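Each residue of the sequence shown is one higher than the one before, counting from 1 in UniProt numbering. Heads up, the beta-carbon is just placed ideally off N, CA and C, and yes, glycines get one too. What you are looking at is a predicted structure, and each value in this text was computed from that prediction instead of being measured.
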Amino acid sequence: MSLLTINKLTASVGAEVRGLDPDLMAADDAVGAAVLDALEDNGVLVFPELGLQPEAQVAFCRKLGEIDHSSDGHHPVAGIYPVTLDKSKNASAAYLRATFDWHIDGCTPTNDEPPQKATVLSAKQVAERGGETEFANSYAAYEAFSDDEKRRFGALRVVHSLEASQRRVHADPSPELVAKWRSRPTHEHPLVWTHRSGRRSLVLGASADYVVGMDRDEGRALLADLLDRATQADLVYSHSWSVGDTVIWDNNGVLHRAAPYDPDSPREMLRTTVLGDEPIQ
Ligand SMILES: [Fe+2]
């Protein structure tokens, strides 16, 4: 019998896992392995009102892989990063505005590190209205291509930049801010990511700036069209948060975004990131 009781939330992405004991998640290696399998199959796992405490969240994430500690210092527990627009809780809150656009985390790393494998969020405080997290399956987006599209788009390469994602949310940035964005190196990725598993997914989202060798406007129009197709409402799971919910997603196989919410809202998510070991190729 499987360790996890899983119910699919939509046809293409997301499943709910019930009946897990948070302490067991932190302690049991078999649970970690079962979660990784379920994540590969479903893209997103939702643990409703699990009540996972920060220390247990970090311990659980260690069962899934190596944890990102590069953002430590914003929360008393190492491995936890508070996601909030509230500047009193996180001094880098302004950067998080870009999370309202569809994206894959880690497409514009500081160095050449691969995108993170998985992200875990637990809801500490939720917005009164809005603030859902939405997910779209980027494997399904590739599978939906015709054979001709698979051939044509499979050859494309796309330049990703921090500037591209930040410009979408800053209408009139100062030269200093633009210079800061540009200090982060840009990265060229294939549009179609061929994973070790042999599965293929699309690498799209806010950081995708332009298509190599294509007219800038034409390439951007194509990227916007592909993103639209990948994120049609019937391909999306939208998670409405309750306090204590934990959600984990496969950052290599889903696009995600936050739905807008009042910037004065106390909404606070505690994030732990599991580092990736698979370059986009
Ligand atoms: Fe994100």
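{"Asked": "Please determine whether the Cβ atom of L246 lies at a distance below 7 angstroms from any heavy atom of ligand 1.", "Found": "Before going on, a small fix: residue 246 reads as Thr here, not Leu. Every heavy atom of ligand 1 is 7 angstroms or more from the Cβ of T246, so no."}
{"Asked": "Is the Cβ-Cβ distance between G205 and N137 less than 8 angstroms?", "Found": "no"}
{"Asked": "How about H187: is its Cβ closer than 7 angstroms to a heavy atom in ligand 1?", "Found": "no"}
{"Asked": "Quick check on this structure: which residue in P173, R200, L52 has the alpha carbon closest to the alpha carbon of V254?", "Found": "R200"}
{"Asked": "Mind checking whether the beta-carbon of D148 lies closer than 7 angstroms to any heavy atom of ligand 1?", "Found": "no"}
{"Asked": "CB-CB under 6 angstroms to R271, same chain, minus the five flanking residues each way: which ones, in chain order?", "Found": "Y81, V83, L121"}
{"Asked": "In terms of alpha-carbon separation, which member of G14, S146, A127 lies closest to E40?", "Found": "G14"}
{"Asked": "What residues come near ligand 1, if near means a beta carbon less than 7 angstroms from any of its heavy atoms?", "Found": "T99, H103, D105, T119, H256"}
{"Asked": "Can you tell me which of V31, A11, S238 puts its alpha carbon nearest to the alpha carbon of R18?", "Found": "V31"}
{"Asked": "With which residues is S238 paired in a DSSP beta bridge?", "Found": "E134"}
{"Asked": "Please name the residue, chosen from P22, C107, A141, that lies closest to G4 on a Cα-to-Cα basis.", "Found": "The sequence shown places Leu at residue 4, not Gly. Among P22, C107, A141, the Cα nearest to that of L4 is on P22."}
{"Asked": "In terms of DSSP beta bridges, what is S201 paired with?", "Found": "W193"}
{"Asked": "Relative to the C-alpha of Q57, which residue among M269, S165, A38 is closest?", "Found": "M269"}
{"Asked": "Under a Cβ-count criterion, where at least 16 other Cβ atoms within 10 Å of its own Cβ denotes burial, should N252 be classed as buried or exposed?", "Found": "buried"}
{"Asked": "Would you call the CB atoms of I280 and V203 closer than 8 angstroms?", "Found": "yes"}
{"Asked": "Exposed or buried, which one is V212 when buried takes at least 16 other CB atoms within 10 Å?", "Found": "exposed"}
{"Asked": "Keeping to the same chain, check which residues put their C-beta closer than 6 angstroms to that of M1; ignore five residues upstream and five downstream.", "Found": "In this predicted model, M1 has a pLDDT of only 48, less than 50, meaning its place in the structure is not dependable enough to derive any value."}
{"Asked": "For P76, report the span of its alpha helix (DSSP H) as first-last.", "Found": "Segment: none, P76 is in no alpha helix (DSSP H) and carries neither H nor E."}
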